[in-house]
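Numbering-wise, our numbering puts 838 at position 146 of the sequence shown, and it's gapless, one number per residue. We put the beta carbon where it would ideally sit given N, CA and C, even for glycine. Have a look at the structure below before the remarks.
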Amino acid sequence: MRTVHVGDEVDGGTYVNVAGTTLWHFSAGDAQGIPTVLLHGIFASAASWGAQVPDFLDAGLRLYLPERPGHGHSPDVDGDFTCDSIVERTIAYLETVVGRPANIVGWADGAAIALVVARNRPDLVNRIVYVGGYLNRGGRQLDQSVDLLLDRNPTTVDYLRTHHDTTSPDGPEHFSVVYDKTIRMLSTEPDYAVAGFSEVRTPTLVVIADRGLVRMEHALDIVRTLPNARFAVLPGTHILPVEAPELFNPLALSFLAADPPTDWLPG
């Protein structure tokens, strides 16, 4: 176990205080650029966005990549992982670290978190790119990768353990605690009714992969419910941003820069 302190710099990022919790984050880009927060998903970290960071920086954005407690470089905290706690910390991060309204790009359950933040605090969110996320278990396809996690497949567990052990300040002995907490969350959350987001007017681009975790009908339900949503289906799997950044990055950046056309009127 390694003790971390606010202000410590590790692997290019810095530890910050977010509502009494010490979190690691990476921040870079033009100080005058539009703040854009990239939210990773379950069993992931800021490193998930490695294929996006160079292009997003080249576009002039000010990037913020926080890591949740128990993920990546951020130490774990007492209690279970829950969507509510992640939402609360994300709001606190936007208020105290980012300090102004921001775009949010969320992946997997990070996408659900982005929508809840926009619903609870619309003043903090400019635009959302919602990537490969479902709002409840009815929106999730049957998928072997999820089954491997839930069934504690030894090869899968060892892979995740290696990533945890090389980055977490909690030390290798804490991995089983994080795994158990993550599995409990994956088994029950997110659990939001799609209809509960009908008042979220934040411009949102919903992106899913044609071979991903999200059921097409569920994604369409989200798009039809949100007043200002657009929809994109790209060839790929749940790890679409890593598999095909040449497709995903320009799409996300163009949406963050301006509204796409809504009508075609022949001249």
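Between ARG792 and PRO727, the C-beta gap is smaller than 7 Å, which places the two residues in contact. With a threshold of 16 other beta carbon atoms within 10 Å, TRP956 falls short and is exposed.
Linking THR858 to MET908 through their CA atoms gives a straight-line distance of about 36 Å.
When DSSP reads this structure, PHE923 sits in a beta bridge with VAL898. In this structure, ILE820 places its C-beta atom within 7 Å of the C-beta atom of ALA806.
The closest CA to that of LEU816, considering only LEU897, VAL708, LEU943, ARG893, is found on ARG893. In this chain, the alpha helix (DSSP H) harbouring ARG781 covers 775-785.
Linking VAL698 to LEU918 through their CA atoms gives a straight-line distance of about 38 Å.
LEU753 and GLU865 have their alpha carbons spaced roughly 38 Å apart. About 13 Å separates the beta carbons of LEU730 and TYR822, which is beyond the 8 Å limit, so they are not a contact pair. DSSP lists THR728 as the bridge partner or partners of ASN795.
Burial is judged here by how many other beta carbons sit within 10 angstroms of a residue's own beta carbon; ASP750 has fewer than 16 and is exposed. ARG754: member of the beta strand (DSSP E) spanning 754-758, first to last residue. Distance from the CA atom of THR695 to the CA atom of ALA921, rounded to whole angstroms, is 43 Å. Distances from the CA of SER837 to each of PRO761, GLY904, ALA804 were compared; the closest alpha carbon is that of GLY904. DSSP links HIS717 through a beta bridge to THR706, PRO758. The beta carbons of ASP801 and GLY742 sit no closer together than 7 Å. In the DSSP assignment, TYR822 is bridged to GLY798, VAL898.
Excluding residues up to 5 positions away in sequence, LEU840, LEU841 lie with their Cβ nearer than 7 Å to the Cβ of THR848 in the same chain. Contact between ALA711 and ARG760 is ruled out by a C-beta separation of about 13 Å, above the 8 Å threshold. Note on geometry: alpha-carbon atoms of PHE735 and ALA950 lie some 32 Å from one another.
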